[in-house]
Structures are given as structure tokens and as C-alpha cells.
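Structure record follows, encoded as C-alpha cells.
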Amino acid sequence: MPGKLKVKIVAGRHLPVMDRASDLTDAFVEVKFGNTTFKTDVYPKSLNPQWNSEWFKFEVDDEELQDEPLQITVLDHDTYSANDAIGKVYIDIDPLLYSEAATVISGWFPIYDTIHGIRGEINVVVKVDLFNDLNRFRQSSCGVKFFCTTSIPKCYRAVVIHGFVEELVVNEDPEYQWIDRIRTPRASNEARQRLISLMSGELQRKIGLKVLEMRGNAVVGYLQCFDLEGESGLVVRAIGTACTLDKLSNTSAFLPACNSPSKEMKEIPFNEDPNPNTYSSGPSTPLKNQTYSFSPSKSYSRQSSSSDTDLSLTPKTAPSPQGPRIFLFPSSPTLSCDSPHLKKSCLLLSGSSIKPLHSSHVSPVVLRKSVSFTEELLLAASGMGSGSAGKEGGPFKTLLRQQTQSALEQREFPFFTLTTFPPGFLVHVGGVVSARSVKLLDRIHNPDEPETRDAWWAEIRQEIKSHAKALGCHAVVGYSESTSICEEVCILSASGTAAVLNPRFLQDGTMEGCLEQRIEEASPPGCGFCHIPYDELNMPFPAHLTYCYNCRKQKVPDVLFTTIDLPVEAIVVGKGCLIQARLCRLKKKAQAEANATSISNLLPFMEYEVHTQLMNKLKLRGMNALFGLRIQITVGENMLMGLASATGVYLAALPTPGGIQIAGKTPNDGTYEQHISHMQKKINDTIAKNKELYEINPPELPEEIIGSPIPEPRQRSRLLRSQSESSDEVTELDLSHGKKDAFVLEIDDTDAMEDVHSLLTDVPPPSGFYSCNTEIMPGINNWTPEIQMFTAVRVSRLSNINPTNQTLNKNFNDLCENLLKSLYFKLRSMVPCCLCHVNFTVALPEDELVQIAVTAVAITYDKNQALQANKAPTEKSQQRASTDNEEQLQFPLELCSDPLSSQPFSPAKEVLEGASSHTGIPAAQRATSVDYSSFADRCNSWIELIKLKAQTIRRGSIKTTTSLEKASPLAEGYLRHRSVPSGTNSTVSVVKMTPLSFLPGAKITKYLGIINMFFIRETTSLREEGGVSGFLHAFIAEVFAMVRAHVAALGGNAVVSYIMKQCVFMENPNKNQAQCLINVSGDAVVFVRESELEVLPPQPAAAAQPTGAAGDVTT
Amino acid sequence: MSSDLDVFVGNTTLIDEEVYRLWLDGHSVAEAVARRLRGGLLEREATSVAVLQSDTRDHYRTFQMLERLLHAPPRLLQQLLFQIPPERQALLVQRYYAFDEALARELLGKKLSKGTKKELDEVSARTGVGIRSCRRQFDNFKRVFKAVEELRGPLAENIQQLFLLPPSLARDYAAIVFFANSRFETGKRRLQFLSFGDFAACAQSMMAHWSQGALAPEAAEPDGDLPKSFLQDLKELKVLVTDKDLLDQHKSLVCSALRGKISVYNELEANFKVIEPCRSDKWSPGDLRLFLQHYTAAPRNLPGFRHQALWERYMAAISACLLRMFHD
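Which chain is which? The protein sequence lines are Z and F, in order. If you're matching positions, the first sequence starts at 1 in the working numbering and goes up one per residue. If you're matching positions, the second sequence starts at 1 in the working numbering and goes up one per residue.
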């Protein structure tokens, strides 16, 4: 019983009129937590009631605290009939459960009703008193911090990155229960909202337990999703990366107040337990579904290298036909997969009786270690001289790899949901690995044992892991999972980037400190991660390799695809741009297995085409690498849609991409030839134009320096096939044009012609606009604080009577392009600006309907500075790197079986010590270097401040000339000083929202906790509410308002890493009805403007909070 | 491929001033798009008609949702639904409550009733203000009127506080409320030449000098109503006109004081009682001001006139009004 929750209901305002006769309301409030309910007095006849209630106290255990939301219901008292509900507020009290976050939740919350939307506001104060709990068997995980941000949060240092955590819980969907037939839509919606809130809490608690067992104190890159499986249930699943974080300002390791179990736990090193069964049923993890992440590595390696015992555990998988397997590599010719693992598992899969439906692809992307690095290693290892630059696989390197490998192999899934890493963490990037699987949904019979779903995901993760191995990588970074459901068919997808991580981070003080230092210094900045991770002579697939254009010593692929953000240290030429591949494929309507079969047959073609499109569009822009790649395949009743988004860049380390050549199939046809040459000219013009637009002028390198000592692969084709598929029906596919030169597009039929046309339909953004789907836009670094986050949703009807793939493609393409155009127009007042983190999601809600939702943030940058700033950014990034090195780099991945487990006390402290000892710098020296870095930091922000000032001056002058009808200064002054008539309090504080993990020109001083909200809105008077657009417009605005209110109540002034994970819209215009579900999440933070940091002496963040947000967008 | 649903929602609500203007003027979406097209937006931004339509619809939806809040501007400041920077909020309110003076002139002194609202069609035709805009403005007048009708204290300040208007606009509304309340007949032909601004200035002077608030700030009566006691007292002043003796003495006192100071002295005598002819006689405003000063001050020297304070209070407003009306 270690917690007391205290709630006070202060007042309400702007309540709706509930009594028509008096035009007033007799409101009272019910406060419910778990099974306990309190009520306030009725405040009669007022739309602005002042309850000023006593403190309602709930004595609960912390398990309940984590799972349950606080539920506040505002009602209108009615003497004669039942009381009418006005609306509800759900408050997630999780942020109050760990130190460092919020201590009180206090503020105005919109009162929300699923039928009427927001109906007034209520002022609530919530506090929690936590008592320390000594019960080691407890089920709660209070104190574990959660972050949606997919990098190490700004004011923390990662002491240890433990690795992948996942969990899922299932339940019946209240919408599909029998009782739904007799209850009101409102009751049904509320049951659903409450259930999902409860399930999220439970999920978070369970993930927290896993983190504590790993001796971590935080989850970074936490991504929670819902699968609305309809009849078969509701799945809430989450993945994340467990870490031990240390607050930067604190010198001592900061462990949560109530994580006592972590101590008890440490005697149980999860990889040394000889018996997995006892473990999973052990005292600390009585939850069955935890078996996965804790199953000892031994059992895992068994399953990956020999027959898949785990896979055979999936008997509930519908006996469905074998799907083709296909591997696509952007730049490499036919695949002969050398990985025994992969081969075996493929064969096993195809030969086994389980026959899961799979399609997957891998694209290469990696880098070798730097030359100097290799030399050092060789010297150290064999005492030989240099000169072995090009040779891969020196003995020491092998050793390193083995160490890394062994360390990582002890994890079941060496996956990381992070997309941004401290410099030096990523050694090589191998390429995108992805896996998809088509499943038939069946009813989840026992919600307490969600094994089927667990097994499905385990299967996919195994596949991802083996793909990574095939690329010579031991880890997967930028990892994410998603689903698409239509009726009873579900496509599960997972993707990530195969990578080799710095062994230094994988070891705990076992490496020689001095050696490490040298490695660090020697490693070439900005190109190391591009070098291939696989052995050149023993490549998993033939690829087109050249020497790195940066260091000229290691091999690089010609194209690099990744799901991560552009590493800060990467050397980029010019600017980046958003690249999308869009695709529709018709499919026959079918039932169950037949449907699953046709889908899984289509998938490989879609993957292939998406890939081809991406590759062509990349070349069309004269670029050679993709970051933040996200391929979404959506299943509908009669079609599949594929949408891939990524940010194209020109990496200086990679070769210049060749142009695109088109070749006709029908010779001797004059007009045809003419047409072809016309197209060719157009393509060439586009490439030239794009190069200019994105400022891609890499320095010319004389051929001799580069040389071409690498045996050219005979052909460069993009399509690769693994053995498994060559043995089955896919062989008949005519994919011949892929086997020719990668840069040649063959036009052999009208389809191909269409493809080329569609390539050229992508209109570049209007001048002054750039766009990307990553956190930062390469080539722009002088952001102003002016940001505008937005969500746009479109639903379009595909009205063709006889749709073909071509017309559908064109429609889909137009839809996306028009949407982008519309965004550029709307945001024109922010020019020059960049749309960052542009996130498209596609849904097929009905037969002919396509829904696209976009969330992104527009950030204004300073154009004038962009021109002169070429020098500054590099200096800056170097500075930054140095501070990062000091502050963030020292976190060995805790992958070890050894040193920690043998030392039973206070793990975090040890890690710290380990870190300092193996850098080989005495503590005192380290301290001074830290000082230096903070000095550098200060210089930076000082420079920033000056820039800011310059900007405001410049902008001010523009404003006077352009805005003719500015609000009269008098009125402004009046508003500011007088604000509101007596009796009401001050204006609403500004809360910024952004999908990025940072706010330009500001410093995040505190993370207040995760925001994870789920809302349902329904209407039975659609026309009256302005039709579908009016309905959704209001709902999205309401969701934003509720997010902002919660953040403000936590004492925050921004949400970072904001994401709209779901937006399910259904309408029935005939019945004048519509329903929409929205799920959003993000991290609530307190930020302070850098300029204010300079001007004011350091102040408590809360004090600076309201002013810090003042300068929001003025359009 | 038609877009059934098409929305854009920003965390900071986008307000396009041009579209707001079109919306306030009562144009439909189609009309607004047409006007924006004529403005050359298409060429300037290299965009398409479809984009413009979608954008206009988005803005119109936003304004429709905002309109409810604009009816009570303090709620706009408190509401959580739309995040709008303060200067934008001020702009929204100011523009929403701004009115066409021609329309206000037409409605001045009329009862803000349903009947008047029905006549708006004619007013719209006369003034050239769109009918929808007319109705909105009429509703604004009525809303402000209702809100301050029962309130104590200075009218303009009450309006300013309740509707967060800039002071000058609040004063104009105070004038409208004042006239609507006291039903001065402003439609007479003789007064046709006077603009809304003239009347607003007059109303301000009258309120400043005659209302309860002018004497005792904590007065119980609203400023819009002229205190009954004052009107009662005014009867006392009639002696100045009705008593032939007093009138003559008054006249001579003023005349002697002004002798030589006013260029048009000759007509001076004729100008007592009816001031309008001054215009035809080409008085300069300076002359008039001087005349009024002395006209006001003179009764002090009249024997047996006991209402000098009241007289001066009366004349302060009258003088200001006359000076205002005295223009070309």
C-alpha cells in the first residue's frame, strides 16, 4: 500500500447550459480511481462553479497507481431524473510516480464528452505521496522513466544502454461485446477509452518491470501502438530501449526513489540462468509473456542456428500458403546469400509445415572502420607496418567483431529503437532490414495469455535479426514495428537498420583505455559509418563498391538506405529532401486464407517497386543515401497501398550517383525514338535542376585517386533473390529490367512509360521551402524559434469505375502531391522554412476511400545566415561533438554477462566508475574537460543569442512593411495589461508541440513524463457539425487542446517527439453519423529560450516557463 | 478523385487576414476563392485553384468555430481549444467588432430590435454593405447593448472590458449604445450632413458632461441613461430663453465681450438660439468657440440667475457638440 493519491476539485468554467429553463447548470463532480469514488457538493445554478473541494484521498498500491487513470466526471444534478453527464477528464498520474518529473498536476482541463466534444473546463489539483516499498516481489515499476524521444534525452547522459524491451497485452474490444448492443454510444466509447487507458498503464508497468530487471531506470524510444482487431480483440503493444540514464546536472548516478527491486534483481543475470523455465516462472517475473525477452541467450542461439523451435511454437498461425521471399538490394546484383543462418532459416521455413507468410527485404548500407583505425588495430595486433589499408578483416578487427558479436548475441534481440546516437556509437551501417508477415486474425481466447501475438512478433524479430547477420551486422538500430489490419487479415511489419556498434560501448572496461583513445582520435569523422560492415571478399551479396570518397581507404557501397536519422558527424553535400515512393496494387476481394495468400503474393512485388521508385527518385535528385526510411504497406479490401518516405541526402563519402538512362525496346521506330530522347532530356534536365536546387556540388575528385581496383560486379541490378524463392513460383516473374545496369530504365511497355512519367510528376517544393522526414534537415542549421506543428488529414474517394493499377497510382500520387502543395501554401508566411519530420500515414477505411494523415513541423530558418554560415556549423558541430564526447559517450552497453553480475552492489555507480577508469583519465582531469565543454556550450548559446537578436531586428523591419493592418498597439497593450475582467484568471499559457526531440533556440531543462492519450469522438449529427471536415477539424483541435492542457498542468511548456499514432475515421453519411479514434503521444518538457538563459541567471525552470513560450508563430 | 474530407489543424491556429476580411464581409467560400484569385494569389504562389479552395474552407471552418468565442471575447482569451498568440487574438476581436460607419449612421438612434433587423435589407442596399455583414454588425451592436445595458460606471470602459476592444472602438460602441438608449432622432433631414463620427463625438461629450458618472463615479445609474434629475434641472434653465429680460441681458453681455474679437460681429445678434445659420454665415470654428465661451460664461453676471453650475454643465456638452457639428 505504498501510495496516497490526493485530488482536489477547485472550480469549473464555461460549462454548458444543462437546464434549459434557467439557462444554468447544477454541477457536481465525481472523482474515481480504481473502485473508489468521491463526490463534490452540487454547486447550484452556475456555469462557473467554485467547488473548492476538500482533498479526496485514495490509498492504493503502486501497481494500481501505474495502471489506473484518474477519472473525473462532471455531472448536472437533476432532482427528478438521472443526473446528466457533462463530460470527463482522464488524468494519467504516471508522471507523478518518479522523481525528477512533475510533483503536482494542477490546472484547467477541458471537460471532454465523446459525443459533444469539449464542454467547458475544470480546475483540478492532483498529488501523490509515495512510500518506499520493500516488497521485492511486487508487480509495480514505479520510478522507471519513459521517453518517446528516440535519442538520449537532452538533459540526460546514458550510463548504460541495456537494449530492447517489448510487451503486449490483449483484451476484448468493448465495441464488440454483446453489451454494446444495449448501451449508448457514449457508454461504449467511454468503456473503450477507459480500457485502453488501463491497458496502456498495465503495459507501461510491465515494460518497467523488465527494465528494472535489466537494472535500467528508463525506457527511451518508447513506442506504444494499438491494434484494433475488431471481433478478435484489442491489442496494445509497445517496444522501447531500456537504459540507465543519469541526469546531466547531477554528478552522482540518479536512481529512482523506489526501484529497490533493482538491487535484488541483480543476482539474477539473465543470461546465466541455465534453466529458462524456472526463470520465467521465477519470483520476479511471474508474468508469462515475459518469457520472450528473458529467455536465455542459449535457447536463442539454438533457434537461430538450427531448427526453429520457437517458430514451431506458433501453431495458431493459420495454415496458410507459403509466401515468396524476396531480398532487394538497392545497388547489388543477384543475391547469393552467404549467410548460413539466413539460408538455413529460409530453407527451414519454406520446408516446414508451419509456413508463415513472409516477405522481407534487406538493403545494404554500411561502412567499414576507418583506415587509421584499421592500421592501429593491425599494429596493435600483429606488429606489422601499415599498407594494408584496403584489406578487410585484420585479425584484431575480427577479434573486435567477435567481442561485439558475442556481447550482442547474448541478447535475444539486439535491437535499438533509437534513431540518433552519440557520435562514435555507430561504427558501420549495413542497410535496411525489414520483414513482413501476413496473418489471419482469430479470436484471442484467453486475454491473459497473448501467446499467439507474441509468437507472431517473435518470428518477425528473428527474421530481422538474421537479415542483419547476413549483412555482417550484429545489431539493428532505428527499429520499429507496425501493423495494418483489414477485416481478419493483418500484415505485421518490422524494420530497422542493420549496424555494427562501437565495441567500446559493448564492453565494460575490458578494453585498454589508451588503445581506445587512439581509436577515437583516429577514426575519420563523417564517413566511418558508411564503410561496409561485411567482408569484401565474402560479401553477403555482390554490391557495387568503391573506395570511400572521404578517406579513400575503405570501401563504401554506391547507395546507402537507413531507417535512422542522419548522424551528426556525417559529412553531407548540399541539402536534403523528402523522397516518397507511392504505389497501389489492386487485389481481388477474397475471404480468409485466399485473401491472405493473394496479399502475401503481392507483397514482394510491392516491395520491389517501392524500392525501384525510391532508387530512381533518389538518382533523379542526384543524391546517394536515404535516411529515416519508413515503408508502410496498407491493406484494404480490394487493394494494397505502399507509401515509403525518406530523406535523401548526398553523402560525401559515397560515390556520385550516375544519371538515369532510358532505353526503348522497340528500335527502328522514329517517333518512338524521338519520344525516348525527349524523355531522356527531361530526366537530365530534372537532375540538373535538382542538383542546383539542393546545392549538390561535390568536389570533383580525379579518377586516379579513387582508382577502381575493385572488381566490378558484372551487372548492377537491384533485384536479388534468396534461395527460398528461387525454388518456388516467384521465379517466373519477369523482373528482367532490374538485372541490367542500375541506371537504365527500360521502357518496354506502357506501364514502364507511366513509371517514368510518374517519376517526373514530383514537383519540387516552392522556393523557400525544404522538407524532410528526419529530425534535422541536412544543410540547414540556423533555425529560428518560430515553429508550427500541424496535422492534416484527407480522405479521398477513388471514383474510377474500372480502376487499374496505373490510374490508382496516379490518383494516389496526385493525392499526396496535392496535399504537400496545400501544406506549402498554408505555411507560406513562414518562408524560408523547412517541413521537418513529415510523417505520412495511409489508411484504407473503406472500399474506395483512401485516408492520408500528415503530421509535421514547419520551422523557419534564417536565409541570410544560411549563406554565410558554411563555416560556422562545422565548428559548431565539432564543439558539440566534443561536449557530447564528454557528456554522453561513456555508456557501455550492458551486454555483458561478466563483470557486473559478479559485483553485487549498486550497478549504476560501478558503471560510472568503469566508464571513467577505462577512458584512462583521472577524475580531476575529467572534471576540467567537462568545464571546458560547458564553456564551449556557453559560447555556442552566446553566438545563438547574437543571431537571434539580429533576426528579430531584421524581421521587425519586414513586418512593418508587409502587415498593413497590424493590431493597434493600444489594443495590444490594453489586452496585455488588462487581460481579463475581474473574477477570472490569467490567459492560457502557450504550449508548443513538435514531432522533433528538440526545440530550436531553446534548451530543454526538464522532462515531465510521457503523454499518451487516446480519444474517441462520435456524432449522430454529422451535417450539423459541418460535415466530415467540420467534425474532424474540431476533434483534432480538441485533441491538441487536451494534450496542451495536460502538459501545462504538469508544469510544462512543450511536447517534444509528438506523434499521432492512430487516426481511425469512420463515417456513415446516410445515418448522419461519424466516429473517430485518435491516439497521440509525446514527452512533456520544460524548455527555456537560449536567449533567456543568457540574459537571466539560472532560474528554476518553472519560473521561466510561461514567458519562455511567448513568441509563437505569427502568421 | 475528390476529397471528401480535408482538414488542416495547426497547434498555433493559422489566421489569414485576407480570408478573415472576406469572411467578415459575408462572402461565401466560392466568392472568397474568386476574390482571392482576382488578387493574383495563384500566380504569386504558383499554386492551384483546388489548393486555394481547400485553404479557404479550412479558414472558414476555423472562423465559424471561433465565432462563438468572439461573441464573448474574454472567453477567447481563456479558451483552450485554439492556441492563438495575443496580438492575433486582439486582431480577431478588433476586426470582428469593427463596423461600417455608414451602417452605424443608419442605425443610430434606432431601437436595436427584430423589426430593425428586418429592415437591414434596405440598409444594405443603401450603404453597399453586404447583407450578411450588416446582420453581423447589427448583432454586434445588439450584443454590446445588451451586455452593458444594466452595468454601472463609464460606458466605454465597460465595453472595453467586456469586449476587449481598443479604446477608440469602445468609445464608438458607447456612442451607439447611448443613442440607441436615448433614441435621439438622427434621421432628420437637417442632420443628414452629420457623419457617424460627428454623432459619436457628440455622444461622448454628452456622456462626459451630463451623465451621473461625470459627477459621481460610483453612480448607480448606467452612463447610457441621462440622469432624470439632470433633465429635470434643465427646465430651470428655460428662464434664460423664456424670460425676455434675462435673454436680452445675456445677449448684450455676450455681445459686448465679443466686440472686436469676431470678424462677423454683425450677424452675431442673429445667431442666438439657432446656431446652424453660422455655417451659412461663414463663421470660422475659432469664432464659434469664442462665442460659445462667452455665451456660457455670460449668465454669471446676470442678476438673479441661480443655475450657473447647471448651465455650464449643459453648455459644456452643447458647445462640444456644436463645435463638432460645425464643419463643412
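Glycine included, C-beta positions come from ideal geometry on N, C-alpha and C. For clarity, every value in this text was computed on a predicted model and none was experimentally measured.
**Request:** For the segment 823 to 835 of chain Z, enumerate the residues whose C-beta is nearer than 9 Å to any C-beta of chain F, in chain order.
**Result:** Leu-823, Tyr-824, Phe-825, Lys-826, Leu-827, Arg-828, Ser-829
**Message:** Can you check whether the C-beta of Z/His-14 is within less than 8 Å of a C-beta belonging to chain F?
**Reply:** yes
**Request:** Compute every distance between the C-beta of Z/Met-1042 and the non-hydrogen atoms of the ligand NAP, then say whether any falls below 7 Å.
**Result:** You won't find the ligand NAP in this model; it holds no ligand whatsoever.
**Asked** Going by other Cβ atoms of all chains shown within 10 Å of its Cβ, with 16 needed for buried, is Z/Met-1066 buried or exposed?
**Response** Counting the other Cβ atoms within 10 Å of the Cβ of Z/Met-1066 gives fewer than 16, which makes it exposed.
**Message:** On the criterion of 16 or more Cβ atoms from any shown chain inside 10 Å, does Z/Phe-137 qualify as buried, or is it exposed?
**Reply:** At Z/Phe-137, the pLDDT of 49 sits below 50, so the modelled position is not reliable; the number obtained from the coordinates is stated separately. Exposed, because fewer than 16 other Cβ atoms sit within 10 Å of the Cβ of Z/Phe-137.
**Asked** Any idea what DSSP makes of Z/Val-1047, helix, strand or coil?
**Response** helix
**Request:** Assign Z/Lys-469 to one of two classes, buried (16 or more other C-beta atoms within 10 Å of its C-beta) or exposed (fewer than that).
**Result:** buried
**Request:** Could you name the residues of chain F that Z/Ala-1045 contacts, counting a contact when the two beta carbons are closer than 9 Å?
**Result:** Leu-80
**Request:** Step through the CB atoms of chain F and report whether any lies within less than 8 Å of the CB of Z/Met-18.
**Result:** Not one chain F Cβ lies under 8 Å of Z/Met-18.
**Min CB distance F/Gly-39 to chain Z below 8 Å** = For F/Gly-39, the closest Cβ of chain Z is not nearer than 8 Å.
**Prompt:** Who are the neighbours of F/Asp-55 on chain Z, taking C-beta pairs under 9 Å?
**Reply:** Ser-822, Phe-825, Lys-826
**Prompt:** Beta carbon of Z/Val-1056, beta carbon of Z/Val-1085: below 8 Å?
**Reply:** yes
**Message:** Taking the alpha carbon of Z/Ala-590 as the reference point, which residue from Z/Ile-780, Z/Gly-107, Z/Gly-636, Z/Glu-68 has its own alpha carbon closest?
**Reply:** Z/Gly-636
**Message:** For the pair the segment 481 to 500 of chain Z and the segment 224 to 234 of chain Z, tell me if three or more CB-CB distances fall below 8 Å.
**Reply:** Result yes; three or more Cβ-Cβ pairs closer than 8 Å.
**Item:** the segment 831 to 845 of chain Z contacting the segment 854 to 864 of chain Z, beta-carbon criterion three pairs below 8 Å
**Value:** yes
**Message:** Tell me the rounded alpha-carbon separation between Z/Ser-1091 and Z/Val-990.
**Reply:** 18 Å
**Prompt:** Does F/Glu-45 get closer than 8 Å to chain Z when you measure Cβ to Cβ?
**Reply:** Closer than 8 Å to some Cβ of chain Z, the Cβ of F/Glu-45 qualifies, so yes.
**Residues that F/Asp-4 contacts on chain Z, provided the C-beta gap is smaller than 7 Å** = By Cβ distance, chain Z contributes Val-795, Ser-796, Arg-797, Val-1028.
**Asked** From what residue to what residue does the alpha helix (DSSP H) around Z/Met-615 run?
**Response** 592 to 620
**Item:** Residue nearest to Z/Glu-167 in terms of C-alpha spacing, selected from Z/Ile-179, Z/Val-236, Z/Arg-194, Z/Ala-688
**Value:** Z/Val-236
**Prompt:** Along chain Z, which residues have their Cβ under 7 Å away from the Cβ of F/Val-7?
**Reply:** Neighbours of F/Val-7 in chain Z, taken as residues whose beta carbon is under 7 Å from its own, are Ala-792, Val-793, Ser-1029, Leu-1032, His-1033, Ile-1036 in chain order.
**Request:** Check Z/Pro-2 in the structure and name its three-state DSSP category.
**Result:** Z/Pro-2 sits in coil when the DSSP states are folded into three classes, being neither helix nor strand.
**Spatial neighbours of Z/Met-199 in its chain, beta-carbon cut-off 7 Å, leaving aside the 5 residues before and after** = Val-169, Asn-171, Val-236
**Request:** Check whether the Cβ atoms of Z/Val-1118 and Z/Lys-127 sit closer than 8 Å, and answer yes or no.
**Result:** For residue 1118 of chain Z there is no data in the structure shown, the boundaries of chain Z being 1 and 1115.
**Item:** Own chain, CB closer than 8 Å to Z/Val-1116, minus 5 neighbours either side, in chain order
**Value:** Since the first and last residues shown for chain Z are 1 and 1115, residue 1116 of chain Z lies out of range.
**Request:** With DSSP collapsed to three states, give me the class of Z/Lys-1006.
**Result:** strand
**Message:** Please confirm whether Z/Trp-55 has its beta-carbon closer than 8 Å to some beta-carbon of chain F.
**Reply:** no
**Request:** For F/Asn-140, go through chain Z and note every residue whose CB falls closer than 9 Å to its CB, in chain order.
**Result:** Correct list: empty, because the minimum Cβ distance to chain Z is about 16 Å.
**Listed by chain order, chain Z residues near F/Val-51 by CB distance under 9 Å** = What F/Val-51 touches in chain Z: Asn-818, Lys-821, Ser-822, Tyr-824, Phe-825, Lys-826.
**Request:** Tell me whether the beta-carbon of Z/Gly-642 lies closer than 8 Å to the beta-carbon of Z/Asp-565.
**Result:** no
**Request:** Could you work out which residue in F/Ala-102, F/Thr-56, F/Phe-179, F/Leu-24 is closest to F/Ser-124 when comparing CA atoms only?
**Result:** F/Ala-102
**Message:** Using the three-state DSSP reduction, which class does Z/Asn-802 fall into: helix, strand or coil?
**Reply:** coil
**Message:** For Z/Ile-115, tell me which candidate among Z/Val-489, Z/Cys-1063, Z/Arg-1017, Z/Val-1080 has the shortest Cα-Cα distance.
**Reply:** Per the C-alpha coordinates, the member of Z/Val-489, Z/Cys-1063, Z/Arg-1017, Z/Val-1080 positioned closest to Z/Ile-115 is Z/Arg-1017.
**Message:** According to DSSP, simplified to helix, strand and coil, what is Z/Asn-171?
**Reply:** strand
**Per-residue DSSP class, three states only, for Z/Ile-816** = Note that residue 816 of chain Z is Cys in the sequence shown here, rather than Ile. In this structure, Z/Cys-816 counts as helix in the three-state DSSP scheme.
**Message:** Given this structure, state the Cα-to-Cα distance separating Z/Ile-111 from F/Thr-56, to the nearest angstrom.
**Reply:** 30 Å
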